[in-house]
Amino acid sequence: MKIGVALWLVLVGAADVVGVVALWRFFVRTAHGQEIDTIALTGNSIGQQRVSIITDTVLNTMSVVSIAAAIAAVVFIALLRGRVGLALVALLFIAGANVTTQVLKIGLYRPIYGIDKVRDHVGNSFPSGHTTAAAAVAVALVFVLPSRVRGVGAVLGAAFA
């Protein structure tokens, strides 16, 4: 049975890699994809003020302090349960996910099509550092929660991410 689980995890991991590469190839490496990305980042001119209020609130909520507090809560839960090793695994998982995202942002090729002059000088918006941070903390929370409340933690973490 353990081989079946390992095989399933390898297949899911491979599918994830294929999905990320497909998203990058379309949204970063094509003019049409960059145009859609630019529209998504800036909103449309009709509702831009309403959209930017929401996006600014979400992005400002994801400050270093709030992420540090969430990480501290994850570690605290693990330590409260007497799971020092699990606290360390959760920390390494969060750090690894965020380092991976930053390396990909720097290393992924992004052609300049002149669609968004601001983005051309800033670099990649893919993958999202904010989304990575939120999702990594959410997954780490599920790691450290007792099994009887993991479902609730997963739903709350997914909503947060």
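For what it's worth, the working numbering labels the leading residue of the sequence shown as 37, then goes sequentially.
C-beta atoms are modelled at their ideal positions from N, C-alpha and C, and glycine is treated no differently.
Burial state of residue i (16 or more Cβ within 10 Å)
| i | result |
| --- | --- |
| GLY150 | exposed |
| PHE162 | buried |
| ALA106 | buried |
Contact belief for residue i with residue j at Cβ below 8 Å, rounded distance in angstroms
| i | j | result |
| --- | --- | --- |
| ARG186 | VAL178 | 5 Å |
| PHE63 | ILE72 | 7 Å |
| VAL175 | GLY193 | 7 Å |
| PRO182 | ARG119 | Contact doesn't hold; Cβ gap of about 10 Å is too wide. |
| TRP60 | LEU144 | 6 Å |
| ALA197 | THR167 | 7 Å |
Residue i: first and last residue of the uninterrupted alpha helix (DSSP H) it sits in
| i | result |
| --- | --- |
| GLY55 | 38-63 |
| ASN134 | 120-143 |
| LEU192 | 186-196 |
| ARG155 | 153-158 |
| SER164 | Run containing SER164: none; DSSP gives neither H nor E here. |
| LEU77 | 67-78 |
| ILE107 | 100-116 |
CB of residue i within 8 Å of CB of residue j, strictly
| i | j | result |
| --- | --- | --- |
| PHE129 | ALA172 | yes |
| VAL110 | ALA126 | yes |
| ASN160 | ARG146 | yes |
| ILE103 | ALA169 | yes |
| GLY165 | THR137 | yes |
Heavy atom of the ligand GTP within 7 Å of residue i beta-carbon
| i | result |
| --- | --- |
| VAL188 | You won't find the ligand GTP in this model; it holds no ligand whatsoever. |
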